[in-house]
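Structure first, commentary second.
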Amino acid sequence: MSSAVHLIPRIDPDRVGAQRPRIERFPPSRTTAGQDFTDLIALTGEKPDGSQQYVLDRAVAERPDGKLSAFEVALIETRQSGKNWILEARMLGGVFLLGERQVIYSAQRFSTVKKAHRSLVNKIRRTPALFKKLFGYQGQKPNDDVKGIKSNGAELSIEFQNGARIDFFVRSGDNVRGFTGDLIILDEAYDLESEEIAAMMPAMAARTVEGSPQIWYTSSSARAKSDVLRSLRERGKKPWDGTDARLCYLEWSTDEDINSDREDPEVDMDALIEAVYEANPGAGSRIAVEYILETEWRAMDHHEFRCERLGIPIPLGSDDFISSTSWTRCRDNELIAAIEEFGGVEQNLRDVRITYDVSPDRSRASIGLSGVRADGRVYAEVIDSGEGVDWVPRGVADIWHARSQLPVLVQMGSAAEDLIPELRRLGVPVREVVLREYAAGCGRMFDAIKDGILAHSEQEQLDSAIRAARPSYKGDTRFIWKRAHALADITPLVTITLATNPALKALSREKNTPDDADERQTTRGGRLVARRPRAQRITTSR
Numbered sequence: 003m004s005s006a007v008h009l010i011p012r013i014d015p016d017r018v019g020a021q022r023p024r025i026e027r028f029p030p031s032r033t034t035a036g037q038d039f040t041d042l043i044a045l046t047g048e049k050p051d052g053s054q055q056y057v058l059d060r061a062v063a064e065r066p067d068g069k070l071s072a073f074e075v076a077l078i079e080t081r082q083s084g085k086n087w088i089l090e091a092r093m094l095g096g097v098f099l100l101g102e103r104q105v106i107y108s109a110q111r112f113s114t115v116k117k118a119h120r121s122l123v124n125k126i127r128r129t130p131a132l133f134k135k136l137f138g139y140q141g142q143k144p145n146d147d148v149k150g151i152k153s154n155g156a157e158l159s160i161e162f163q164n165g166a167r168i169d170f171f172v173r174s175g176d177n178v179r180g181f182t183g184d185l186i187i188l189d190e191a192y193d194l195e196s197e198e199i200a201a202m203m204p205a206m207a208a209r210t211v212e213g214s215p216q217i218w219y220t221s222s223s224a225r226a227k228s229d230v231l232r233s234l235r236e237r238g239k240k241p242w243d244g245t246d247a248r249l250c251y252l253e254w255s256t257d258e259d260i261n262s263d264r265e266d267p268e269v270d271m272d273a274l275i276e277a278v279y280e281a282n283p284g285a286g287s288r289i290a291v292e293y294i295l296e297t298e299w300r301a302m303d304h305h306e307f308r309c310e311r312l313g314i315p316i317p318l319g320s321d322d323f324i325s326s327t328s329w330t331r332c333r334d335n336e337l338i339a340a341i342e343e344f345g346g347v348e349q350n351l352r353d354v355r356i357t358y359d360v361s362p363d364r365s366r367a368s369i370g371l372s373g374v375r376a377d378g379r380v381y382a383e384v385i386d387s388g389e390g391v392d393w394v395p396r397g398v399a400d401i402w403h404a405r406s407q408l409p410v411l412v413q414m415g416s417a418a419e420d421l422i423p424e425l426r427r428l429g430v431p432v433r434e435v436v437l438r439e440y441a442a443g444c445g446r447m448f449d450a451i452k453d454g455i456l457a458h459s460e461q462e463q464l465d466s467a468i469r470a471a472r473p474s475y476k477g478d479t480r481f482i483w484k485r486a487h488a489l490a491d492i493t494p495l496v497t498i499t500l501a502t503n504p505a506l507k508a509l510s511r512e513k514n515t516p517d518d519a520d521e522r523q524t525t526r527g528g529r530l531v532a533r534r535p536r537a538q539r540i541t542t543s544r
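With the sequence shown counted from 1, adding 2 to any position gets you our numbering.
Right, dumping it as structure tokens:
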């Protein structure tokens, strides 16, 4: 937390953020279809603000031959800036105004993809003029099933009577290479790799002969390993000289020289407020400036605040300790799709442990488990995560009784240790993990993520903990997890680190012994049923 005292000046209640980007570059054009796109979306009862209209006007500007001026569109915006509305307008306008037949929306996270699909489906369902255009429409009511909407785990898509189709994909290195269509949207582009784009470009370029394809990159500002975004930014900042003539680059940000160090008592608060307005088109309308300064600025990691709220790229060497690319590659997309489609997927695990953790201030806690799967990967899952600690003993006890009394682990000397007496009163034996063993587990966890040995099913609480975790070194090489900023909750990560350590040790032992099931020591295991996320309980087991 900040030790310096900063008084926030009075905020003008009528002022909103900058409606034009600070950095922009776009091809010359004669006309734009932007207003036509806006008129189409008006059927839904929604209207754009100035920044949204500005983006559409530049992105779908047209050449004299009627083709789109821009082949690549890069939109770099901070949170709560209205990006999702722009993308929905672009997809629907492409289908109904530009005659685009194949549209692909992709993102790194399944939750983002699912949310984007659900939002666009809901918009279509509540708009009669659009709902009637769906493939398979035969007079159904808005909430009835229609063939044109696919919402199962294996397929998320929207198909229309004119033959157009919008597909929604969770992005991975393999499927990006196969992306081709009239419109490709690469959301959460901070995690794109240059090799993926290089593999996709030839197929997209071939469509320019007869069509007018477009690739969109949308993201918050670049992280240390965001090679694609950094390259786009360098191209977008170059003065117009007639080269690179088909890039439309629009970035909301502020100058990197702004002093936003909350530990510095000399911070110019008026200048910081101006920077917030400059970088956030939604300031004053979608998000309160007071909230940004009183909550986010005081609690978020310094680099994270500058990246997510001021649009300033994270400096090289100061990015997340756990590689987001490595964590994404540990995601089991087939399992995620099966959970979404069937509601639960049974997995046989061995070397299973139940664990829990409590934050130092006792404001949050998590319960998790981990075990070795038949494919040799270690599966980790957060079973429960929520506010407070009163619910934890009973939650652990219920799981312990239901899961054949599997071993329960807790970190010695942590806030979680205080709950041991209550757990024992409930009949649950608990084994305490000493600091040295926990530190070794953190190292094994880090290596397992890097090497792809770990498997997970993309849980928001766990993903957030991964991004917020930093190392606290205990000696030259060993470390334990610590929070990157005061608002961070890393209890999900600590929980699965404690749980995966025995499983990872068991795998390591097996590499040095004959691979014969009869010679392996019998270990405790069980059948885990992974289910869809819920409000408090993330998944249940039986």
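Here a beta-carbon is modelled for each residue, glycine too, at the ideal position from N, C-alpha and C.
- Beta-bridge pairing by DSSP links Q37 to no other residue.
- DSSP lists no bridge partner for Q110.
- Leaving aside the five residues that flank L89 on each side, the residues in its chain whose CB is nearer than 8 Å to its CB run, in chain order, Y107, A118, I187, D189, W218, T220.
- In the three-state scheme derived from DSSP, where H, G and I count as helix and E and B as strand, C309 is classed as helix.
- Note on F162: 16 or more other CB atoms within 10 angstroms of its CB, so buried under the neighbour-count rule.
- One thing to note: I492 has its Cβ no nearer than 8 Å to the Cβ of W329.
- About 6 Å separates the Cβ atoms of T40 and P50, confirming a contact at the 8 Å cut-off.
- DSSP places A470 inside the alpha helix (DSSP H), whose first and last residues are 462-470.
- Proximity of the region 440-459 to the region 480-498 meets the contact definition, three or more beta-carbon pairs being nearer than 8 Å.
- Looking only at I369, V384, S406, the smallest Cα-Cα distance to P395 is reached by I369.
- Taking a cut-off of 8 Å for Cβ pairs, the region 54-61 and the region 85-102 touch, as three or more such pairs fall below it.
- Apart from sequence neighbours up to five positions away, the residues of its chain that approach D246 with a beta-carbon distance below 6 Å are R237, ordered along the chain.
- The C-beta separation of F28 from A63 comes to about 7 Å, placing the pair in contact by the 8 Å criterion.
- Restricting attention to R333, E195, P204, the CA atom closest to the CA of D229 is found in E195.
- The three-state secondary structure of C250, taken from DSSP, is strand.
- If the five residues before and after D359 are omitted, its C-beta is found closer than 6 Å to the C-beta atoms of S368, A418, T493, V496, T497, all from its own chain and listed in chain order.
- Going by beta carbons, A109 and A339 fall outside the 8 Å limit.
- For F133, the three-state secondary structure derived from DSSP is helix.
- In this structure, G36 and G284 do not form a Cβ contact; the two beta carbons are roughly 19 Å apart against a cut-off of 8 Å.
- In chain order, T499, N503 place their CB closer than 6 Å to the CB of G443, counting only its own chain and leaving out the 5 sequence neighbours on each side.
- Residues F133, V148, G150, Q163 of the same chain have their beta carbon placed closer than 8 Å to that of Y139, with the five preceding and five following residues left out of the count.
- Setting aside the 5 residues that flank it on each side, D59 is surrounded in the same chain by T34, G36, each with a C-beta closer than 6 Å to its C-beta; the list follows chain order.
- Annotation: the continuous alpha helix (DSSP H) that includes I451 extends over 437-453.
- In the three-state reduction of the DSSP assignment, G286 falls in the coil class.
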